[in-house]
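**Q**
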Amino acid sequence: MPTYDLYAKDPGASLWQVPATGAARFSWEYDEGRERLLALYQKGKDKQWDSQKRIDWELEVDPCDPLGTPDKSISIYGTPHWARMNDRDKGELRKHFASWQFSQFLHGEQGAMVCAARIVESVPDLDAKLYSATQTMDEARHAEIYARFLHEKIGMLYPVNDNLRSLLGDTLRDSRWDMPYLGMQVLIEGLALAAFGMIRDTTDKPLPKQILAYVMQDEARHVAFGRMALRDYYKQLTDAELREREEFVIEGCYLMRDRLRGVEVLENFGIPKAEAEEYSERSEFLALFRQLLFSRIVPCVKDIGLWGKRLQQAYVDMGVFDMGNSNLDLLMAQDEDLAEQLDAERFAAEEKARVAEVEEAINAGAET
2 MPTYDLYAKD
12 PGASLWQVPA
22 TGAARFSWEY
32 DEGRERLLAL
42 YQKGKDKQWD
52 SQKRIDWELE
62 VDPCDPLGTP
72 DKSISIYGTP
82 HWARMNDRDK
92 GELRKHFASW
102 QFSQFLHGEQ
112 GAMVCAARIV
122 ESVPDLDAKL
132 YSATQTMDEA
142 RHAEIYARFL
152 HEKIGMLYPV
162 NDNLRSLLGD
172 TLRDSRWDMP
182 YLGMQVLIEG
192 LALAAFGMIR
202 DTTDKPLPKQ
212 ILAYVMQDEA
222 RHVAFGRMAL
232 RDYYKQLTDA
242 ELREREEFVI
252 EGCYLMRDRL
262 RGVEVLENFG
272 IPKAEAEEYS
282 ERSEFLALFR
292 QLLFSRIVPC
302 VKDIGLWGKR
312 LQQAYVDMGV
322 FDMGNSNLDL
332 LMAQDEDLAE
342 QLDAERFAAE
352 EKARVAEVEE
362 AINAGAET
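Residue numbers (our numbering): 2 to 369.
(1) What's the call for residue 60, buried or exposed, on a 16-neighbour Cβ count within 10 Å?
(2) Looking at C-alpha atoms only, which residue of 357, 152 and 234 is the closest neighbour of residue 125?
(3) With a Cβ-Cβ cutoff of 8 Å, do residue 74 and residue 281 count as a contact?
(4) What residue range does the alpha helix (DSSP H) around residue 133 cover?
(5) Helix, strand or coil for residue 159? Go by DSSP, reduced to three states.
(6) Rounded to the nearest angstrom, how far is the Cβ of residue 290 from that of residue 217, given a contact under 8 Å?
(7) Using 8 Å for Cβ pairs, my map puts residue 123 next to residue 230. What's the rounded Cβ distance?
(8) Residues in the same chain with beta-carbon distance under 7 Å from residue 16, minus the five sequence neighbours each way, listed in chain order, please.
(9) Would you grab the beta carbon distance between residue 51 and residue 221 for me? Rounded to a whole angstrom, and I think it's under 8 Å.
(10) Looking at the secondary structure, which residues open and close the alpha helix (DSSP H) in which residue 82 lies?
(11) By the three-class DSSP mapping on this structure, what secondary structure does residue 5 have?
(12) Residue 424 and residue 161 look like a contact to me (Cβ under 8 Å); what is the Cβ gap, rounded to whole Å?
(13) Is the beta carbon of residue 179 less than 8 Å from the beta carbon of residue 38?
(14) How long is the line joining the alpha carbons of residue 309 and residue 113, rounded to whole angstroms?
(15) Checking 8 Å against the spacing of the C-beta atoms, do residue 208 and residue 19 come in under that value?
(16) Thinking C-beta only, is residue 153 closer than 8 Å to residue 117?
(17) In its own chain, which residues sit with a C-beta less than 7 Å from the C-beta of residue 277, not counting the 5 before and 5 after it?
(18) From the DSSP output, in three-state form, read off residue 65 for me.
(19) Taking the alpha-carbon positions, what's the residue 53 to residue 363 distance?
(20) Taking the C-alpha atoms as reference points, what is the distance between residue 237 and residue 341?
(21) Between the region 167-182 and the region 312-322, do at least 3 Cβ pairs fall closer than 8 Å?
(22) With 16 other CB atoms within 10 Å as the buried threshold, where does residue 176 fall?
(23) Residue 210 and residue 157 look like a contact to me (Cβ under 8 Å); what is the Cβ gap, rounded to whole Å?
(24) Ordered along the chain, which non-local residues of its own chain (more than five positions away) have a Cβ less than 8 Å from that of residue 300?
(25) Quick check on residue 260: buried or exposed, where buried means 16 or more other Cβ atoms within 10 Å of its Cβ?
(26) Helix, strand or coil: which one does DSSP assign to residue 20?
(27) Using 10 angstroms around the beta-carbon of residue 3, count the other beta-carbons present and answer buried if the total reaches 16, otherwise exposed.
(28) Count the other C-beta atoms from every protein chain shown that fall within 10 angstroms of the C-beta of residue 115, then say buried if there are 16 or more, exposed otherwise.
(29) Does DSSP put residue 12 in a helix, in a strand, or in coil?
(30) State the CB to CB distance for the pair residue 204 and residue 69, rounded to an integer number of angstroms; the pair is presumed to be in contact (CB under 8 Å).
(31) Report the three-state DSSP secondary structure of residue 124 (helix, strand or coil).
(32) If you draw a straight line from the alpha carbon of residue 64 to that of residue 6, how long is it in whole angstroms?
(33) Any idea if residue 31 is buried or exposed, counting beta-carbon neighbours within 10 angstroms, 16 or more meaning buried?
(34) If we ignore side chains and look at the alpha-carbon of each, how far apart do residue 287 and residue 258 end up?
(35) Taking only the alpha-carbon atoms, compute the straight-line gap between residue 145 and residue 58 and give it to the nearest angstrom.
(36) Roughly how many angstroms separate the alpha carbons of residue 92 and residue 67, rounded to a whole number?
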C-alpha cells in the first residue's frame with residue numbers, strides 16, 4: 002500500500018525541497034588522518050549489519066499496544082478524556098501515539114541520512130568524509146527499519162513534526178560545513194537517542210526493543226564522530242563564531258523540547274490544540290521525559306566547547322543544566338553493550354532450539 006494512504010493526517014506535498022548553499026570540498030591528502038577518526042571509520046565498517054537478518058521481523062506486534070510503554074506516558078492519562086475512553090478507544094490512542102513517535106524517528110533518520118551525505122560533500126578532511134560515508138549507510142538502514150515497522154506492524158504514519166522540520170531546514174540551509182554536525186549529530190541525534198533509550202528501557206515488546214537497541218548501537222558511533230570533529234574545529238574559532246553556534250544550539254534545543262508533545266495525535270481525537278498543549282505541560286511523566294531527552298545533548302554541547310553564559314542560562318531555564326555532568330561515554334558504552342547482549346540472548350535461544358531439534362530427530366530415528 003502506498004505510504005500516502007497510511008498517513009493519519011495530510012502530510013502535504015510529497016516532496017520537500019530545501020535550497021542548499023555551500024561548497025563541495027575535495028581533499029588531495031590521502032595518507033594522513035586523525036587516528037581516533039580513522040579507528041572510528043574502521044569500526045563503522047566492521048559494524049555494518051543487515052536489518053533483514055539481524056531483526057526478527059516474525060515477532061508479532063499488538064496493534065492496540067505496539068510499543069508496550071506505560072499508559073502514563075500519554076499526556077491525557079488520568080484526565081477526564083482518559084476516563085471517558087473504553088478499552089477500544091485506549092487501544093486506538095496507543096496505536097496513534099506509537100505511529101506518531103516512530104514516524105518522527107523515521108523522518109529524523111531520513112534527515113540524518115541527508116545530513117551525513119552533506120558532510121561527505123562539504124567537510125574539508127578526508128578522514129571525516131570516510132566516516133560520514135559509513136554513517137550515510139547507517140542512516141539509510143535506520144530509515145528502512147522504521148519505515149518497515151510502520152508499514153507492516155502498525156499500518157499508520159504521521160507527517161513530520163513542525164519543530165523537527167524547522168530544525169532540519171535550518172541545519173541544511175546553512176552554508177557553514179560544521180552546521181550539519183551541530184544540528185544533526187548533536188541536537189537531533191542526541192535527542193533521538195534519549196527518546197530511543199526511554200522506549201527501549203520501558204517497553205515489554207521484543208520487536209521494538211530489538212529495533213531501538215540495534216539503531217542505538219550505530220548512533221553511539223555517530224555522536225562520538227560529531228564530538229571528535231567539532232571539538233577539534235571549535236578550538237580554532239573566535240568568541241564571536243562560537244557565540245553564533247551557541248545561539249543556533251539554544252534555538253534548536255527549544256525546538257527539540259517542544260517536538261515530542263504529541264499534540265497532533267490528540268487533535269486527531271478531537272482535543273483542541275491549546276488544551277492538548279496544556280495537558281502536555283502538566284504531565285509529570287512528560288516533564289521527566291523532557292529532562293531526560295537532554296541527557297545526551299547537554300554534556301555533548303559542553304564537551305565540544307559551546308558553554309557560554311547565555312547557553313548555560315537557557316539550560317537553567319529548561320531545567321536541564323545539571324545534565325551537563327552526565328557521563329556521555331558511559332551512556333554510549335551501555336548502548337553498545339545492550340545491543341550485543343540482545344544478540345547473545347537471541348543466538349543462545351536459536352542454538353537451544355537447534356539442539357532440541359537434533360535430539361528430537363535422533364530420538365525419532367532410534368524408535369524406528
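Glycine included, C-beta positions come from ideal geometry on N, C-alpha and C.
**A** Based on what the coordinates show:
(1) By the 10 Å Cβ count, residue 60 comes out exposed.
(2) 234
(3) no
(4) 127-149
(5) coil
(6) With 8 Å as the limit, residue 290 and residue 217 do not qualify as a contact, their Cβ atoms being about 17 Å apart.
(7) Between residue 230 and residue 123 the Cβ distance is about 12 Å, and since that is not below 8 Å, they are no contact.
(8) Excluding its 5 nearest sequence neighbours in each direction, residue 16 has no C-beta neighbour in its own chain below 7 Å.
(9) Their Cβ separation, rounded to whole angstroms, is 19 Å, which puts residue 51 and residue 221 out of contact at 8 Å.
(10) 81-85
(11) helix
(12) The question about residue 424 has no answer here: the residues shown for the chain are numbered 2 through 369.
(13) Taking 8 Å as the Cβ cut-off, residue 179 and residue 38 do not qualify as a contacting pair.
(14) 27 Å
(15) no
(16) no
(17) 264, 267 and 268
(18) coil
(19) 32 Å
(20) 38 Å
(21) no
(22) exposed
(23) Between residue 157 and residue 210 the Cβ distance is about 20 Å, and since that is not below 8 Å, they are no contact.
(24) Exclusion of the five residues before and after residue 300 leaves 324, 325, 326, 327, 328 and 329 as the residues of its chain whose Cβ lies within less than 8 Å of its Cβ.
(25) buried
(26) coil
(27) exposed
(28) buried
(29) coil
(30) 4 Å
(31) coil
(32) 18 Å
(33) exposed
(34) 11 Å
(35) 13 Å
(36) 9 Å
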